[in-house]
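**Student:**
In my numbering, the protein residues as written are 1 to 473.
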């Protein structure tokens with residue numbers, strides 16, 4: 001019999017009833033063995049003159065516990081909701097309050113806090129409690145599901161914060177501390193070592209995910225999500241995010257987002273309100289024994305280019321299918337997670353040097369990164385749409401034909417905001433605001449830019465049911 005080891009996002013679930021579990025691999029049943037039988041043992045005494053270089057964690061712990069916060073999130077769910085219908089047949093649905101919790105790290109003295117996206121995703125309210133028990137309502141500045149990161153802000157000054165370290169300098173075997181609030185046990189510190197780098201564990205569902213985790217054996221449990229991973233100097237080297245476990249609690253494997261990636265995402269969210277991802281326009285594969293045999297490769301170090309996007313950064317720069325990418329800038333890459341992490345630190349329009357092995361010879365190429373739409377534009381967060389709380393896309397041609405509408409804007413994902421508070425469900429297509437037709441996202445933005453007071457939104461669900469909602473702005 002095999003027992004699956006799952007990988008779990010580690011926010012404390014509070015009133016929620018489950019966790020996302022992803023199968024990582026299988027292993028034999030975990031067993032225990034009675035070790036009470038007599039063994040040959042002896043005491044080992046160190047001579048009085050022996051020098052023991054024991055690692056002192058007290059400085060790092062003292063520096064970090066005051067800058068790690070307890071994050072509580074509150075959700076309003078609707079009872080008896082079926083098939084996405086916002087109305088119950090027998091009357092209005094009754095809201096139910098739910099609660100979850102995790103951790104966060106203060107990264108500036110004026111109140112910016114990094115945490116995991118899965119800690120605050122879809123929350124109606126976020127509350128932050130400091131180590132001195134002061135509590136604040138936090139604003140969600142922005143989120144990035146592709147890295148499982150989120151940025152919060154509280155209105156306070158002169159806060160303790162943890163300085164950024166450099167995750168590229170972290171070495172396997174190096175001591176680290178995990179600081180967070182497991183099981184609501186505030187300001188808990190555990191120690192371990194870096195067990196591996198650039199781990200891809202297949203836990204993030206986002207299409208453009210970047211998984212290049214630091215793996216550690218520091219004890220991490222539900223509630224540690226969003227907490228700090230620091231080195232012995234007290235510098236931030238990662239944000240704790242997930243565990244591999246058969247039980248839902250720590251069994252020896254935990255994973256943190258490297259701080260160099262965290263720093264780039266936080267800078268983007270502060271400056272633009274959304275993350276600016278640069279893409280090189282290639283499909284890639286790790287070089288393994290199967291690929292070596294299939295392609296007759298002689299070089300095993302690097303990342304294999306399996307295909308290119310026409311008009312993408314790599315294609316335009318001269319890369320070819322079959323090339324092996326070995327460096328991004330001055331950083332050697334040996335796996336797809338490493339390559340994705342390195343490219344993920346750049347924005348559209350940035351020029352990046354890439355070293356490629358082709359026909360046994362190295363060559364350098366300069367790539368100009370694109371955004372996901374294929375150009376170099378920086379896209380700022382749309383303020384009016386941000387107020388509504390969601391991600392939006394124009395209704396497709398199939399949707400317009402099926403629902404007999406001229407156009408509209410589909411709510412592809414709900415976030416905390418006006419729409420969710422009004423009871424609107426994901427998939428709803430907005431067709432008018434205050435009786436003014438909405439055909440595209442531009443129409444929606446224009447209609448909301450100068451809007452004050454009450455708003456009437458009309459539209460249709462994918463099943464053809466028409467609905468309207470009113471709320472204040």
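Glycine residues also receive a C-beta, built at the ideal position from the N, C-alpha and C atoms.
Computed from a prediction, not measured in an experiment: that's the story for all the values here.
(1) Go ahead and pull the three-state DSSP assignment for residue 478.
(2) By DSSP's criteria, residue 144 is part of a beta bridge. Which residues make up the other side?
(3) Assuming residue 160 contacts residue 61 (C-beta within less than 8 Å), just tell me the rounded distance between them.
(4) Unbroken alpha helix (DSSP H) runs of length 4 or more, entirely within the segment 324–409: which are they?
(5) Does the distance from the CB of residue 329 to the CB of residue 314 come in under 7 Å?
(6) Any chance you could list the beta strand (DSSP E) runs of at least 3 consecutive residues sitting entirely within the segment 175–209, in chain order?
(7) Taking Cβ positions, are residue 438 and residue 432 nearer each other than 7 Å?
(8) Rounded to the nearest angstrom, how far is the Cβ of residue 341 from that of residue 198, given a contact under 8 Å?
(9) Among the residues of its own chain, which have a CB less than 7 Å from the CB of residue 175, if the five just before and after it don't count?
(10) Does DSSP classify residue 58 as helix, strand or coil?
(11) According to the Cβ coordinates, are residue 153 and residue 112 closer than 7 Å?
(12) Just the Cα atoms here: how many angstroms apart are residue 57 and residue 378?
(13) Please report the straight-line C-alpha distance between residue 225 and residue 119, rounded to a whole angstrom.
(14) Compute the distance between the beta-carbons of residue 162 and residue 236, then report whether it is under 7 Å.
(15) Residue 344 to residue 435, Cα distance in whole Å?
(16) Reducing DSSP to helix, strand and coil, say where residue 132 ends up.
(17) According to the Cβ coordinates, are residue 317 and residue 367 closer than 7 Å?
(18) Entirely within the segment 246–325 and at least 4 residues each: give me those alpha helix (DSSP H) ranges in chain order.
(19) Assign residue 502 to one of three DSSP states: helix, strand, or coil.
(20) So the alpha helix (DSSP H) residue 441 belongs to, where does it begin and stop?
(21) Is residue 128 closer than 7 Å to residue 71 when the C-beta atoms are compared?
(22) State the Cα-Cα distance for the pair residue 487 and residue 389, rounded to the nearest angstrom.
(23) Using only the alpha-carbon positions, how far apart do residue 407 and residue 451 sit?
(24) CB-CB under 7 Å to residue 464, same chain, minus the five flanking residues each way: which ones, in chain order?
(25) Assign residue 118 to one of three DSSP states: helix, strand, or coil.
(26) Anyone know if the C-beta pair for residue 459 and residue 472 falls short of 7 Å?
(27) By how many angstroms is the C-alpha of residue 170 removed from the C-alpha of residue 256?
(28) Under a three-way DSSP split, which group does residue 16 fall into?
(29) Could you name the residues of the same chain whose beta carbon sits closer than 6 Å to that of residue 182, not counting the 5 residues immediately before and after it, in chain order?
(30) Do residue 457 and residue 429 have their CB atoms nearer than 7 Å?
(31) Between 218, 409, 122 and 239, which has its C-alpha nearest residue 177's C-alpha?
(32) Identify whether residue 65 lies in helix, strand or coil by the three-state DSSP scheme.
(33) Compute the distance between the beta-carbons of residue 164 and residue 123, then report whether it is under 7 Å.
(34) Would you mind sorting residue 468 into buried or exposed? The rule is 16 or more other CB atoms within 10 Å of its CB.
(35) Which residues in the same chain have their Cβ closer than 6 Å to the Cβ of residue 422, if we skip the five residues on either side of it in sequence?
(36) With 16 as the cutoff for other CB atoms within 10 Å, does residue 134 come out buried or exposed?
**Tutor:** Reading it off the structure:
(1) The first residue shown for the chain is 1 and the last is 473, placing residue 478 beyond what the model contains.
(2) Per DSSP, the beta bridge partners of residue 144 are 149.
(3) 13 Å between Cβ atoms; not a contact.
(4) If you keep only unbroken alpha helix (DSSP H) runs of at least 4 residues inside the segment 324–409, you get 336–343, 383–388 and 397–403.
(5) The criterion of a C-beta distance shorter than 7 Å is not satisfied by residue 329 and residue 314.
(6) You should have 175–180 and 188–199.
(7) Yes, Cβ-Cβ distance for residue 438 and residue 432 is below 7 Å.
(8) Contact flag correct, Cβ pair sits at about 7 Å.
(9) Once the five neighbours on either side are set aside, the close Cβ partners of residue 175 are 55, 191, 193 and 232.
(10) It is helical.
(11) Contact: yes.
(12) Each residue's Cα considered, the two are about 42 Å apart.
(13) Linking residue 225 to residue 119 through their CA atoms gives a straight-line distance of about 7 Å.
(14) Closer than 7 Å, so yes.
(15) Taking the straight line from one Cα to the other gives about 42 Å.
(16) Coil at residue 132, not helix or strand.
(17) With a cutoff of 7 Å on beta-carbon distance, residue 317 and residue 367 are scored as near each other.
(18) Fully enclosed alpha helix (DSSP H) runs of 4 or longer: 259–272, 289–295 and 313–317.
(19) Residue 502 cannot be examined here, being either before or after the span of the chain that is shown, 1 to 473.
(20) Segment 441–449, the alpha helix (DSSP H) holding residue 441.
(21) Residue 71 is a Cβ neighbour of residue 128, given a cutoff of 7 Å.
(22) In the structure as shown, the chain begins at 1 and stops at 473. Residue 487 is therefore absent and cannot be evaluated.
(23) Looking at the backbone, the Cα of residue 407 and that of residue 451 are separated by about 21 Å.
(24) Contacts found: 403.
(25) Here residue 118 sits in helix by DSSP.
(26) Taking a C-beta distance under 7 Å as the contact criterion, residue 459 and residue 472 do not qualify as a contact pair.
(27) Roughly 12 Å separates the two Cα atoms.
(28) For residue 16, the pLDDT reaches just 40, beneath the cut-off of 50, and the residue's location in the model is therefore unreliable, although a value from the coordinates is still provided. DSSP, read as helix, strand or coil, puts residue 16 in coil.
(29) The beta carbon of residue 182 sits closer than 6 Å to those of 188, 221, 223 and 224, all from its chain and outside the five residues before and after it, given in chain order.
(30) Judged by beta-carbon spacing, residue 429 lies beyond the 7 Å limit of residue 457, meaning their Cβ atoms are not closer than that value.
(31) Comparing Cα-Cα distances from residue 177 to each of 218, 409, 122 and 239, the minimum goes to 218.
(32) If DSSP states are grouped into helix, strand and coil, residue 65 belongs with the helices.
(33) No.
(34) Answer is exposed; the Cβ neighbour count stays below 16.
(35) Answer for residue 422: 469 and 471, listed in chain order.
(36) Classification for residue 134: exposed.
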